[in-house]
Each structure stands twice: as structure tokens, then as C-alpha cells.
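J.: I'd like to ask some things about the structure below.
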Amino acid sequence: MEQNSNIRNFCIIAHIDHGKSTLADRFLELTGAVDKSKMVEQYLDSMDLEREKGITIKMQPVTMHYKGYTLNLIDTPGHYDFSYEVSRSLKAVEGAILLVDATKGVQAQTIYNLEMALSANLEIIPAINKIDLPLARIDEVLSQLSDLLGVKEDEVFKISAKTGQGVEKLLEAVIERIPPPSSSQEKRLKALIFDSLYDNYKGVVAFVRVFEGEVKADDKILLFASKEQSQVKEVGIFTPDFKPKDVLRAGEIGYIATGIKDVSKVRVGDTIFTINDINYIKDFNFLKPLEGYKEPLPNVFMGIYPKNPEEFDDLKNAFQKIKLTDWSFHFEAESPNMLGRGFRCGCLGTLHAEIIVERIKREFGLELLLSVPQPVYKYITKDNKEDYIYSPSQWPNLAFIKEILEPWVNLRIIVPSQYASNVYQLMDTLETKEFKDIKNLSSQTLLMEFEVPLREIIYGFYNNLKNCTQGYASMSYENIGYKKANLVKLDVLILGKKEEAFSKIVSAQKAQKEAKNLAQKIKENIPPQLFAVPVQVAIGGKIIARETVKARRKDVTAPLYGGDVTRKMKLLEKQKKGKKEMQKKGRVRIPYENFIRVFTQE
Ligand code: GDP
Ligand code: MG
């Protein structure tokens, strides 16, 4: 039987591209976990998309054996869109390697991940990577890290994940410095789900860290948050492929094939209990789950439409399949509008949205049209009920509303000192922000912190930041909750009819300007009709902007050369009447593509 004292559970945290996957590859080689001949670069990044974008979305854990020790490495996602997953996976381990690229130094996500790791009480092993590169600034990065962590410079490891230099010493430090999991006397299983995967044969496979007790095939289990019960099909470890094992015990990291078919029941952060000895229970109040479970709520929403309106059902089908593997994605069909039929989608953030869209294009071959992402807002009614707003059409009747709220984030920007004034200028263009802090990370690098509404940085902000710092700035942000917002909903009326697809939630201060732009943009995209088409933008029934698409004149009197004035008048009268009729009946027929243009561009 395995001793807990021989187990080490750890992860690698880093800013994107600092070499996390490459280092994991070296560990796999060094411990012989993966045959060298089978070794593809970045073995643990299994999704094509991840490899291409160079980001890790789903962590692929692995169990390695080295000098009598069992080393469980889990690869955390490095992006703040997945911050909840990062924080949960950190709970599954006792220590972390903090990896910093010697050519880049500490960047925003280094700090962000480090703070999460510290708050999870992890033992941190700092390491500087890419020391083989001629541009490596080892001394500067050493001083950054020793300042940041309060450690001596000689406690920082210097490695090249590419050449393998220093990697073995680092792995030995994992064994020496990271504490083994504490052993527990409890009999009943308590396991933390830090990820999951859907398998056609095994059902949902939960990736778990066992904290107490043990679990084996055929055990009856309860998933606490979802209250789902099931019978275990198989347990095992990751090699990194699934390798069945008789039993998983406290301290170990492995998987539980739950046999559950519905991914929404197996949630990251939930606790799995065994309930073999319980025949019939009304409630499970005596079970104490592991702390910190949260429902993953979408932070942004957007409209997704099939480019070809006939592909609505295909798109729905694609969303359903994606939902099978990604529970945090939300979608809902919108009632048909001028844009045809499409969906309101909720995502954890803009990167998450990008990943979903890419997957639909690649895995399902569908062309898509997208609206600009917006934050998920919230309101509190006068009788203190709360609800979320995932689409402008859900904007409440303000007569019953006490407060509208919007999500705020703590924004961290790390930038070489000479660009500081550019960053301040950029921040000045935002309507709302609160300066929090500025400090030196080293003689050449600054860390700046602001609190801003998510709305201000969700779209285009990162590009602007890169542009004004020649690409040197990095940023990260974390949600700090909802704050009171001063927002209004713009309604669009075309031919006097409300067209919900174009409505938009905007800052009250900017409403006038936004309304004007919106009316203008819609006007530009409506081809002239036989009659004039009024385009109006209103707030709560009050028109605040108006444009008119002029009628395309068809000169009905042209054939009447010179001639009879009364007949001419009659014809014009008739035409006028005809137009009125059309207007009354009318929705304007507008090419789909034109409307999408209004909808998608900023
Ligand atoms: P991740 O995003 O943290 O997983 O980073 P990757 O492991 O994908 O590495 C990003 C890039 O840096 C890849 O092109 C790697 O080949 C390269 N890289 C990683 N480690 C080293 C290193 O030690 N030296 C050099 N020269 N390149 C490295
Ligand atoms: Mg990677």
C-alpha cells in the first residue's frame, strides 16, 4: 500500500508562453512516464486549439514515478477567464512551481496565479525558464522574484525547459520542499472534483483529488452540490491516459468514472462522497463538503447567428454537443427577429467565447456571425429580488427596480516604466475607473492596479493597451463583484416598430452619443425603399435620436409629358397612399448581411 509520505501533488503556474507545457514534457521524459518515441511536443495540451493558441484550457493531469515517489502533476489553465478552475485545481495540490520566462520577466498572470497559489497555502518553488536564450535577463528576473516572494536569490531555480538544463534538480526540489498530503483517519470518501471529461462508455469522468477515505469500482457515490447519486464504474490514475486501479485513497489524484450521463451534474469544485452505508436518507445535512464550491456563472454574453439562416438547427446541435464537454457555456435560442434566428450565449469571458466560436467552426464546419460581447448585468427589484440580464431583451421595467448592477474587476497591468504615462492616458479614456496602486516590480518594471467595470475592458481594451506600450504590457483581471451602475437600454424602432435585436445596454452618460451612432449605422445599412424609413432610438419610450432613410423615388409622373396637372396630382396622391399602405404593413426587407454589419461592428 502506498504511503502518503511518498506522494507529492503539484502544479506549474506561469504566464502564457513562459514554458509550462514544455517543462511538463521534460518531467514526463525524465520520469519515463511517456515513452520518448511517443513524445510529441507539449504532450499534456491535448486539444488542437490549445496547441495552436498556445494556451491551456483544460488541464491534463499525470501521475509520474520517480525515485520511489509518486508525483502527481496537474496542469492549470493560465487564463483569468478560467480563474475558478485555476483556484479549484490549486486546492487539489500542496505546492506549485512558479515559472517565469527569463526574457520576459514577471508578467500579469504570474502575479495573478501566484496570489491564488498563496491564498491556497501552497508551497511555492520559483524557477526562471529559458536561460538558454541569449536575451535572457536572468539577474533582473532573479531580483523580481526574490522581491515578490521574499526569498533569497539562490533559492530560485534556473532552468531551460527546452534543453533540460536544471530540470532534474527542480524535480528533486518538488520532492524535498513540497509537503506530502496529510493523511486522514476518515473512512468515508471526500474527493474534490477539479475537472471532468465526457466519455461515451464511462459517462462523465470526474478528475479528483481524494482528501479523505477511499473509493473503488461499484461504490455508491453522492455528488454534493448537484445531489446526483450514482455507482462508480471505474477508478484510476492518469499516465496521462486513463489507467484503471483497484482503489483511490486519501492524498491521491486520479479519476472516478461516475457513469453519470449529464455533464451538468459533475461540477468543478463539488465534493464526492461515498454513501454505501446509507440505505435511505432524506437529507445529507450531516455530510460536510469541501469548502469553496461556486456555480460557474457566465460573465459575458453575446449573440451568435448562423451565417446561413438555414443552419439554425445545425448550430443548435453544435451547441448541445459543446455543452456536453463544457458546462460553463450557456446558450438559449432567441425569438426570431430581423436577424433571423440565433442564440444568446453566456461565456466565462472573451477568451472562452473565442474558444467556443473556434470549436464550432472547426468541429462542425459552421460559419457564424457574432455580436459584440457584453457583460452580464444584474438588477435588484424594489422588493429585493435579484436577477441577471443576459440579453438587452431581459432589461427590466425600471418602475419596479431599485438598482442596476454591473460586474467590476481588479485590473493589473505590468509594464516597463517608460510606458507608464501612456497607460495613464489610456485609462483616462475610460469613463469609470478607480486608481488603486502602483509599485515597482524591479527597477524597470511597474505594476499598476485599477478597479474598473468589466464593460470598459471587455472589448478592444487589451489591443489598445498593447498598442500604446509597443506590445510590452501584460494584463490580468479578476472579478471583485457587482457594483451599482448607471446604465440605460437603447431601443431601436424601425418604421415605428421596436426591433429588439438592435437594442443595446449602454452607459447613461454616453447614451446620447451611442444612440446617434446606432441610428446612423442602421440608416447606412438599410437600402432605400419606395417609402421613407424612419429609424429611431429611444430610452424608455422617449426618442433621443432619429435618422431617416430617404425614399427611392420612382417618378410615376414621368410618362405624362407636359400635360394635365390634375392627372399628375392624382397619380402622386395614389402613390402617396400606396406608400402609406406599405408603411403600415411593413417591416422593411433588409439584406441579412447589412443588418449583421450594424450588429457586429463597433
Ligand atoms: P506555456 O504557454 O507556458 O505552456 O508555454 P509553452 O511550453 O507552450 O512554451 C512557449 C514557447 O516557449 C514554446 O515555443 C516553447 O518551445 C518555448 N520554450 C519553452 N521553454 C523554453 C526554454 O527553456 N528555452 C527556449 N529557448 N524556449 C522555450
Ligand atoms: Mg501550454
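If you read the sequence shown in the numbering used here, its first letter stands for residue -19, the second for the next number, and so on.
Cβ atoms here follow ideal geometry from the backbone N, Cα and C, with glycine treated the same way.
The model shown is predicted, which means the values in this text are computed figures rather than measured ones.
Should T11 be listed as close to the ligand GDP, given that the test is whether its C-beta is under 7 angstroms from any heavy atom?
T.: By 1-based counting over the sequence shown, the position of residue 11 is 31. No.
J.: Can you name, in chain order, every residue of its own chain whose Cβ lies under 6 angstroms from the Cβ of S456, other than the five neighbours on each side?
T.: For the purposes of this step, residue 456 is identified with residue 476 of the sequence shown, where counting begins at 1. If we look at S456 and ignore the five residues flanking it on each side, its Cβ neighbours are Y60, A88, Q89, Y92, R392.
J.: Can you list, in chain order, the residues of its chain whose CB lies under 7 angstroms from that of S(-15), leaving out five sequence neighbours each side?
T.: Residue numbering aside, residue -15 sits at position 5 when the sequence shown is read from its first letter. Excluding positions up to five away in sequence, the list reads P160.
J.: Report the rounded CA-to-CA distance for L202 versus S210, giving the unit in angstroms.
T.: As a position in the sequence shown, residue 202 is number 222, starting the count at 1. As a position in the sequence shown, residue 210 is number 230, starting the count at 1. Answer to the nearest angstrom: the Cα atoms are 7 angstroms apart.
J.: Report yes if the C-beta distance between L348 and K287 is below 8 angstroms; otherwise report no.
T.: The sequence position of residue 348 within the sequence shown is 368, counting from 1. The sequence position of residue 287 within the sequence shown is 307, counting from 1. Contact: yes.
J.: Ordered along the chain, which non-local residues of its own chain (more than five positions away) have a Cβ less than 8 angstroms from that of G34?
T.: Along the sequence shown, read from residue 1 onward, the residue named residue 34 stands at position 54. In this predicted model, G34 has a pLDDT of only 48, less than 50, meaning its place in the structure is not dependable; the value taken from the coordinates is given anyway. Only I(-4), D(-3) meet the Cβ criterion.
J.: Can you tell which of D134, R339, R168 has its C-alpha closest to the C-alpha of T305?
T.: As a working mapping, residue 305 is identified with position 325 in the sequence shown. Ranking D134, R339, R168 by Cα distance to T305 puts R339 first.
J.: If we count the other Cβ atoms within 10 Å of its Cβ and call it buried at 16 or more, is G520 buried or exposed?
T.: Your numbering for residue 520 matches position 540 in the sequence shown. G520 is exposed by the Cβ-count criterion.
J.: Taking all protein chains shown into account, decide if I(-8) is buried (16 or more other Cβ within 10 angstroms of its Cβ) or exposed.
T.: Mapped onto the sequence shown, residue -8 falls at position 12. I(-8) comes out buried.
J.: Measuring only from the beta carbon, is N0 closer than 7 angstroms to any heavy atom that is part of the ligand GDP?
T.: On the sequence shown, residue 0 is found 20 positions in, with the first residue counted as 1. It should be pointed out that residue 0 corresponds to Lys in this sequence rather than to Asn. Flag set: Cβ of K0 near the ligand GDP.
J.: Using DSSP's beta-bridge definition, name the partner residues of V184.
T.: One-based indexing of the sequence shown puts residue 184 at position 204. V184 pairs with Y178.
J.: Any idea which residues DSSP pairs W388 with across the strands?
T.: The residue labelled residue 388 in the question sits at position 408 within the sequence shown. Note: W388 sits in a beta bridge opposite P433, G461.
J.: Kindly give me the distance between the Cβ atoms of L467 and Y368, rounded to whole angstroms, as I take these residues to be in contact under 8 angstroms.
T.: Your numbering for residue 467 matches position 487 in the sequence shown. Your numbering for residue 368 matches position 388 in the sequence shown. At roughly 14 angstroms, the Cβ-Cβ gap does not stay under 8 angstroms, so L467 and Y368 are not in contact.
J.: Could you please give the first and the last residue of the uninterrupted beta strand (DSSP E) stretch that includes I155?
T.: Residue mapping note: residue 155 aligns to position 175 of the sequence shown, counting from 1. Looking at the DSSP string, I155 is not in any beta strand (DSSP E); the run it does join, the alpha helix (DSSP H), is 147 to 157.
J.: Cα separation between K149 and T11?
T.: As a first step, residue 149 must be located in the sequence shown, where it is residue number 169. As a first step, residue 11 must be located in the sequence shown, where it is residue number 31. If I take the Cα positions, the gap works out to 13 angstroms.
J.: Let's see if you can read the secondary structure: which residues bound the alpha helix (DSSP H) around N(-11)?
T.: Locating residue -11 in the sequence shown gives position 9, where the first residue counts as 1. Here N(-11) belongs to no alpha helix (DSSP H); instead the beta strand (DSSP E) covers -13 to -6.
J.: Could you tell me the distance, in whole angstroms, from the CA atom of L510 to the CA atom of V529?
T.: What you label residue 510 is simply residue 530 of the sequence shown in a count that begins at 1. What you label residue 529 is simply residue 549 of the sequence shown in a count that begins at 1. Cα-Cα distance, rounded: 10 angstroms.
J.: For A76 and P387, I'd like the C-alpha separation in whole angstroms.
T.: Residue 76 sits at position 96 when you count from the first residue of the sequence shown. Residue 387 sits at position 407 when you count from the first residue of the sequence shown. Rounded to the nearest angstrom, the two C-alpha atoms are 30 angstroms apart.
J.: Reducing DSSP to helix, strand and coil, say where L410 ends up.
T.: On the sequence shown, position 430 is the one that residue 410 refers to. Coil, per DSSP.
J.: Leaving out the 5 sequence neighbours to the left and right, which residues in its chain are closer than 6 angstroms to E192 when beta-carbon positions are compared?
T.: Stepping through the sequence shown from its first residue, residue 192 is reached at position 212. S164, E166, K170, A230.
J.: Shorter than 7 angstroms, the distance from the beta carbon of L151 to the closest heavy atom of the ligand GDP, or not?
T.: Here residue 151 refers to the residue found at position 171 when the sequence shown is read from its first residue. L151 Cβ: outside cutoff for every heavy atom of the ligand GDP.
J.: To the nearest angstrom, report how far apart M(-19) and I236 are at their CA atoms.
T.: Taking the sequence shown and counting its residues from 1, the one referred to as residue -19 is at position 1. Taking the sequence shown and counting its residues from 1, the one referred to as residue 236 is at position 256. In this prediction, M(-19) has a pLDDT of 46, which is less than 50 and means its spatial position is unreliable; what the coordinates show is noted afterwards. Roughly 19 angstroms separates the two Cα atoms.
J.: Spatial neighbours of K503 within its chain, please: CB distance less than 8 angstroms, with the 5 preceding and 5 following residues excluded, ordered by chain position.
T.: By one-based count along the sequence shown, residue 503 stands at place 523. Same-chain partners within the cutoff: V515, E527, T528, V529.
J.: Mind checking G326: buried by the 16 CB within 10 Å criterion, or exposed?
T.: Against the sequence shown, residue 326 aligns to sequence position 346. Buried: at least 16 other Cβ atoms inside 10 Å.
J.: Using 8 angstroms as the threshold, is the C-beta distance between F323 and E312 below it?
T.: Start at 1 with the first residue of the sequence shown, and residue 323 comes out as number 343. Start at 1 with the first residue of the sequence shown, and residue 312 comes out as number 332. Yes. Within cutoff.
J.: Could you tell me whether the Cβ atoms of I394 and T361 are closer together than 8 angstroms?
T.: Locating residue 394 in the sequence shown gives position 414, counting from the first residue. Locating residue 361 in the sequence shown gives position 381, counting from the first residue. Going by C-beta atoms, I394 is not nearer than 8 angstroms to T361.
J.: DSSP on R229, reduced to helix/strand/coil?
T.: Locating residue 229 in the sequence shown gives position 249, counting from the first residue. DSSP places R229 in strand when its eight states are reduced to three.
J.: If we ignore side chains and look at the alpha-carbon of each, how far apart do N420 and S63 end up?
T.: As a first step, residue 420 is located in the sequence shown; it is residue number 440 there, counting from the start. As a first step, residue 63 is located in the sequence shown; it is residue number 83 there, counting from the start. Going from the Cα of N420 to the Cα of S63 covers about 25 angstroms.
J.: What is the DSSP secondary structure of R324, counted as helix, strand or coil?
T.: Reading the sequence shown from its first residue, position 344 is the one you call residue 324. DSSP places R324 in strand when its eight states are reduced to three.
J.: Taking its Cβ as the centre, do 16 or more other Cβ atoms sit within 10 Å of T2, making it buried, or is it exposed?
T.: Here residue 2 refers to the residue found at position 22 of the sequence shown. It counts as buried.
J.: Could you pull out every residue in the same chain whose Cβ sits closer than 7 angstroms to the Cβ of W375, ignoring the five residues on either side in sequence?
T.: As a first step, residue 375 must be located in the sequence shown, where it is residue number 395. So the qualifying residues of the chain are I369, K469, I485.
J.: What does DSSP give as the partner residue(s) for D81 in the beta ladder?
T.: Taking the sequence shown and counting its residues from 1, the one referred to as residue 81 is at position 101. For D81, which the question treats as bridged, DSSP gives the partners N109.
J.: Can you tell me where the alpha helix (DSSP H) holding E334 begins and where it ends?
T.: As a first step, residue 334 is located in the sequence shown; it is residue number 354 there, counting from the start. Note, E334: alpha helix (DSSP H), 330 to 344.
J.: Which value, in whole angstroms, describes the spacing of the CA atoms of A488 and E411?
T.: Locating residue 488 in the sequence shown gives position 508, where the first residue counts as 1. Locating residue 411 in the sequence shown gives position 431, where the first residue counts as 1. Going from the Cα of A488 to the Cα of E411 covers about 11 angstroms.
J.: If we call anything under 8 angstroms between Cβ atoms a contact, is R189 one with I105?
T.: As a first step, residue 189 is located in the sequence shown; it is residue number 209 there, counting from the start. As a first step, residue 105 is located in the sequence shown; it is residue number 125 there, counting from the start. Cβ atoms of R189 and I105: not closer than 8 angstroms.
J.: Is any heavy atom in the ligand GDP found nearer than 7 angstroms to the beta carbon of I(-4)?
T.: Within the sequence shown, the letter at position 16 stands for residue -4. The answer is yes for I(-4).
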